Amino acid sequence: EKSAEDIPIVPREEKRSVGSVSSAVYLQYFLNGGSMAWLILLILSNLITQVAYSGSDFWLALWTNALEGETTRCAGNGIREIGFTLPPLIFLQVYGALVGAVFILSLGRTVLFFMMCCVSSRRLHDKMFQAVVRAPMRYFDTHPIGNSLLNIILLNMTGIIAMVVFINPYLLIPTVALGVALIFLRRLYLHSARDIKRLEGITRSPVFSHLSTSLHGLTTIRAFQAQDSFVKDFDDIQDLHTSSWSLMLAVTQWYGLALDGLSSCFIACVVIACLSAQYQRSGDVGLAIYCSLMLTNTLQWGVRQSAEVENQMTSVERVLEFSELQPEQPLVTDEDDNLKSDWPSSGEIEFRNVSLRYDEHLPLVLRNVSFNIASGEKIGIVGRTGAGKSSLISCLFRLTEPTGEIIIDGVDIGKLGLHTLRKNISIIPQDPVLFNGPLRKNLDPFYEYPDEELWDALDAVQMKEVVQASPDGLDHSVEEGGSNLSVGQRQLVCLARAILSHNPILLMDEATANVDHK
């Protein structure tokens with residue numbers, strides 16, 4: 001069988017979706033922002049706001065025509081005079097009420113949409129975080145660390161187009177032509193832009209991963225004078241990301257230029273149609289040109305934003321992919337209730353035909369391993385690098401699920417919840433892990449022990465004097481990763497943490513490699 005060092009840990013190529021973002025992604029995004037009732041309320045608020053917005057423009061045109069005493073079209077081929085009896089103050093009051101309604105409704109619509117997006121983002125982030133935290137360890141070995149808007153746009157365009165066609169029906173022809181051209185242009189743009197956006201997101205991850213790896217291994221890199229090699233690797237990764245990002249910017253600029261050209265052609269058609277029309281009232285002409293300008297701006301903004309939304313929804317797509325990661329086994333099971341409160345009391349360990357592979361397509365690292373460790377025994381496992389020593393630890397903590405049986409004090413740990421199992425076994429790792437915060441929290445994360453026991457544990461590992469020398473004592477701040485402590489001191493802190501837990505089983509993975517033998 002191949003040893004553990006012969007099993008390569010190759011980062012898997014990240015999954016990249018192709019084609020358009022599915023409607024299921026949009027639906028999950030908005031449903032995470034609230035219930036279906038909230039979504040219906042958002043759509044209704046958009047509809048009512050657009051009615052008020054279009055009504056204010058139409059009322060302004062009526063007011064203008066009334067003041068000029070112009071004629072208005074009626075059904076048939078003839079025209080008739082309209083005698084307006086409303087005083088100017090009524091027009092002003094109605095127009096002011098419509099403008100006020102537009103302001104209030106627009107504000108309410110925006111606040112509602114913003115709240116839904118915030119809630120959805122928070123919920124999706126929580127789901128992704130929970131899924132990543134519960135993902136199996138193999139995932140981290142193989143992966144680098146590192147339409148409501150459309151409804152608003154459609155409602156705006158529908159209201160504007162309705163007024164334009166009402167004023168001059170012939171304007172429907174260039175409007176339809178503009179819509180068809182913009183739809184074609186949008187599809188042409190999205191066909192390339194969304195895949196470029198996905199590619200940019202995928203090429204960005206290795207940049208952060210390489211940077212994080214370089215920072216953590218900076219001492220080793222300098223010791224072996226490997227700076228040039230790491231700089232070259234970083235340049236290659238960064239060049240790949242920069243090229244995809246630059247391509248994204250170029251495609252976006254081309255898209256904007258094409259939209260500007262189409263909009264200019266449409267406005268020219270509207271002006272020509274208004275100048276050539278007979279019996280056209282000045283208020284209607286002004287409203288037609290104003291609405292045409294609004295329509296082109298809305299179409300440009302709408303097409304740009306709809307394309308940008310689809311590009312950005314690829315990020316939601318990736319978040320949903322993370323939130324659907326296959327989790328580890330349950331943290332708590334029914335078997336936990338049958339355990340004695342003092343389990344494990346003696347710490348007897350028995351392996352029965354245990355086999356382990358790190359992934360389905362990889363060969364076995366352990367094959368049919370069987371042995372017994374009696375209570376109170378101190379066992380050392382010796383072997384060359386990659387012989388599988390750390391794999392035995394993975395089996396005991398079920399970091400990777402083995403086959404066979406592992407019995408501790410008569411209980412098959414494969415039937416226990418991971419939380420119950422792992423809290424009853426202590427480990428001092430080869431690479432000690434400390435968290436940003438006070439030393440007290442690193443020793444006792446759940447604040448279960450009094451200060452006296454914390455000091456006794458530090459005294460047992462000969463760290464008491466070092467901590468007492470600090471003005472803050474147990475509240476001494478530990479920087480991220482314990483960077484303000486030596487590697488040996490970090491391992492001693494981990495040893496003190498293991499002593500505090502009072503577990504009868506203690507695993508030590510080269511725990512004294514960085515500790516002074518004194």
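Mapping of the sequence shown onto UniProt numbering: position 83 corresponds to residue 83, and the numbering continues sequentially without gaps.
Where a beta carbon is used, it is the ideal one built from N, C-alpha and C, also for glycine.
Everything numeric in this text was worked out from a predicted model, so none of it was measured.
Bridge-paired residues (DSSP) for residue i
i	result
residue 372	350
residue 508	428
residue 366	356
residue 403	355
residue 587	Nothing about residue 587 can be reported from this structure: the residues present for the chain run from 1 to 518 only.
8 Å Cβ cutoff met for residue i and residue j
i	j	result
residue 476	residue 439	yes
residue 132	residue 325	yes
residue 349	residue 373	yes
residue 120	residue 29	yes
residue 522	residue 354	The requested residue 522 is not part of the displayed model; the chain covers only 1 to 518.
residue 315	residue 201	yes
residue 356	residue 402	yes
residue 351	residue 406	yes
residue 214	residue 224	no
residue 33	residue 116	yes
residue 426	residue 506	yes
residue 59	residue 89	no
residue 267	residue 293	yes
residue 49	residue 102	yes
residue 216	residue 233	no
residue 189	residue 255	yes
residue 124	residue 319	yes
residue 333	residue 416	yes
residue 436	residue 466	no
residue 463	residue 489	yes
residue 269	residue 327	no
6 Å Cβ shell around residue i - same chain, five flanking residues per side excluded
i	result
residue 499	457 and 460
residue 420	336
residue 497	443
residue 508	428
residue 241	203, 204 and 207
residue 413	406 and 421
residue 495	428 and 461
Extent of the continuous alpha helix (DSSP H) to which residue i belongs
i	result
residue 413	Unbroken run through residue 413: none, as it is neither H nor E.
residue 29	23 to 32
residue 459	451 to 460
residue 129	88 to 133
residue 397	389 to 397
residue 223	218 to 223
residue 490	487 to 501
residue 325	Segment: none, residue 325 is in no alpha helix (DSSP H) and carries neither H nor E.
residue 422	418 to 423
residue 467	464 to 468
Cβ-Cβ separation, residue j to residue i (assumed contact under 8 Å), whole Å
i	j	result
residue 485	residue 454	Rounded, the Cβ-Cβ distance is 16 Å, inconsistent with contact.
residue 450	residue 345	Not confirmed; about 24 Å, so no contact.
residue 181	residue 262	5 Å
residue 432	residue 493	7 Å
residue 112	residue 41	7 Å
residue 108	residue 45	6 Å
Same chain, Cβ closer than 7 Å to residue i, neighbours up to 5 away in sequence not counted
i	result
residue 378	none
residue 481	434
residue 38	116
residue 501	426
residue 470	476
residue 331	417, 418 and 419
residue 391	4, 356, 365 and 366
residue 52	98, 101, 102 and 105
residue 375	346, 347 and 348
Contacts around residue i, its chain only, beta-carbon distance under 8 Å, and the 5 residues preceding and following it disregarded
i	result
residue 409	343, 344, 345, 346, 347 and 348
residue 248	193, 196, 197 and 200
residue 368	353, 354, 355 and 404
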